[in-house]
Amino acid sequence: MARQAYRASLFHLLEEPQPGRPALEGWFEDGGLLIEDGVVLEAGAWDSIAPRLTREVAVTRYPDALIVPGFIDAHVHFPQIDMIASPGAQLMDWLTHYTYPAEERFSDAGLARQTADFFLDQLLRHGTTTALVFATVHKTAVEALFESALARNMRLISGKVLMDRNAPAGICDTAETGYQDSRALIRAWHGRARLGYAVTPRFALTSSERQLELGGRLLSENPGVRLHTHLAENHEEISIVRRLFPDCADYLAVYEKFGLATPHSVFAHGVHLSDGEWQRLGRCGSAIAFCPTSNLFLGSGLFDSASARRNHVPVGFGTDVGAGTSLSLLQTMNEAYKVSQMRKSPLGAFELFHLATLGGAKALKLDRQIGNFAPGKEADFLVLDLKATPLIARRLARTKPPEELLFALAILGDDRMVAETFLAGRSVYKKSPSNGPPHDGA
Ligand code: GUN
Ligand code: ZN
């Protein structure tokens, strides 16, 4: 791949925005992104890029568009794509009635392959270029997802779900087979191309002590492998965990007991954490995936961003589809803003974009590779169409960039805004030019 240059407005964050100190150096009204062999050479004002262009550099200009780093989904379930928007009840009922039956079907490797392809194409369409993904208990389902990500050269972390109790037999493993399958998958996939592995106990409730212990052993035997699970999402869940692990003072203590709370751990939700749990998370460096659409859909609760910030806990966004109601990180920003309003601690536009980009990269310990356009980073980026709908076009004509404009995008945006998605400098999704209804050509 030779050098390529892209010209449009451009926004990225070089650091976490601090209250009262926005990182404005990352906004360029007439901006440019210069890349070579899939890696960023420079991002900034077009005037500073232009002198670096030789005659052989291909320049693509996008009018009425904004280039941003690819979005990062720090918690999503690929086998749940087919049961998104299943009604009713809270977490435990929802798992029993919809989720577990849907995941049982993934013993069929053909279904897993076809669903993995569909799922990843949907991520790209929604502007997600990196994800930390729950698969199912089936080794073949994880293989299908990794193969599909490899074919797209996508940065993706996943793992076989570990669950050996309190779930239907069809989606249970044993502590020993879970360990063996995970080990084989780590050897085959971790560090290959842009892929990484996460040891993935579903949650404390569905793993025996022996299984959690072997999960901790997998982490210590394989440095750099992530840990991905759920934590403190729902009150009923928390009280069951308390009954199952009477010697642990709280939910986080279960994961700590088995060596699962590490700087490479990502816990989804963390809606109901005590002050002590927040402080311990801050000390151990584990991250939380904030999943607003899911937490609202299942009635789980309102995430406390202020406690995360106070305790220096890394946070990224998770869509948590299928409990989450959209794969769009823009829609996720919209719901996160409303949650933060209910918490009387409203998130600003820069914070919302940080959670979807650099914050997510930090949560996944991938900020040396992705999250912004610092030179040397992988060129995963999006072209957002600032005239995607008549309403967006009209509203944006009345905003002041960057903060007001980014805020309006966060509240009004969705997959319709994503005009083009690039992975490591290669275009992998382009919105069809027609916004009109499909017609049969008659
Ligand atoms: N806790 C355990 N499993 C799940 C799941 O599949 N989705 C959500 N939202 N929470 C969980
Ligand atoms: Zn989840």
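So for the sequence shown, numbering that gives the first Met the number 0 puts the first residue at 0; every next one is plus one. Glycine included, every Cβ here is placed at the ideal spot set by N, Cα and C. Since the structure is predicted, the reported quantities are computational estimates derived from the model, not experimental observations.
For residue j and residue i, the rounded distance between their alpha carbons
i: Trp93; j: Ala49; result: 54 Å
i: Tyr254; j: Leu243; result: 13 Å
i: Leu226; j: Arg397; result: 44 Å
i: Glu236; j: Leu204; result: 8 Å
i: Gly215; j: Gly269; result: 20 Å
i: Asp366; j: His353; result: 12 Å
i: Ile80; j: His137; result: 16 Å
i: Leu131; j: Pro62; result: 33 Å
i: Gly87; j: His96; result: 10 Å
i: Glu315; j: Met332; result: Residue identity differs from the one stated: residue 315 is Gly in this sequence, not Glu. Each residue's alpha carbon lies about 11 Å from the other.
i: Arg6; j: Glu220; result: 46 Å
i: Pro437; j: Ala373; result: Any reading at Pro437 must be qualified, since the residue scores a pLDDT of 49, below 50, and its modelled position is unreliable; no value is offered.
i: Arg241; j: Ala392; result: 51 Å
i: Asn294; j: Gly321; result: 12 Å
i: Asp413; j: Ala174; result: 41 Å
i: Val67; j: Thr324; result: 23 Å
i: Ser206; j: Leu328; result: 31 Å
i: Ser264; j: Leu52; result: 42 Å
i: Ala441; j: Asp120; result: Low local confidence applies: a pLDDT of 35 at Ala441 is under 50, so the model's placement there is unreliable, and no value is given.
i: Asp303; j: Thr261; result: 21 Å
i: Ile369; j: Gly190; result: 15 Å
i: Ala197; j: Leu217; result: 10 Å
i: Ile287; j: Leu155; result: 17 Å
Any non-hydrogen atom of the ligand ZN within 6 Å of residue i CB
i: Asp480; result: The structure shown has nothing for residue 480, since the chain only spans 0 to 441.
i: Ala150; result: no
i: Ala267; result: yes
Residue i beta carbon near the ligand GUN (any heavy atom closer than 6 Å)
i: Arg6; result: no
C-beta contact flag for residue i and residue j at 7 Å
i: Ala187; j: Ala143; result: no
i: Tyr428; j: Arg193; result: no
i: Asn232; j: Ser285; result: Rather than Asn, the amino acid found at residue 232 in this sequence is Glu. Contact flag unset, no.
i: Leu33; j: Gly25; result: no
i: Ala150; j: Phe105; result: no
i: Gln3; j: Ala57; result: yes
i: Ala418; j: Asp384; result: yes
i: Ala73; j: Gly317; result: yes
i: Gly126; j: Ala378; result: no
i: Leu301; j: Val338; result: yes
i: Asp116; j: Ser85; result: no
i: Gln210; j: Asp163; result: yes
i: Gly30; j: Ser8; result: yes
Where residue i falls: helix, strand or coil (DSSP)
i: Gln17; result: strand
i: His11; result: coil
i: Asp319; result: coil
i: Ser431; result: coil
i: Gln79; result: helix
i: His438; result: Unreliable placement is indicated for His438, whose pLDDT of 48 sits below 50; the coordinate value is still reported in the next sentence. Three-state DSSP puts His438 in coil, outside helix and strand.
i: Leu385; result: coil
i: Phe244; result: coil
i: Asp120; result: helix
i: Val160; result: strand
i: Val141; result: helix
i: Asp63; result: strand
i: Thr128; result: strand
i: Gly177; result: helix
i: Ser293; result: helix
i: Ile48; result: helix
i: Pro100; result: helix
i: Ser327; result: coil
Give the residues whose C-beta lies closer than 6 Å to at least one heavy atom of the ligand GUN, in chain order.
The set, ordered by position in the chain, is His76, Leu90, Leu94, Thr98, Arg201, Phe202, His229, Glu232, Ser293, Asp319 and Ala322.
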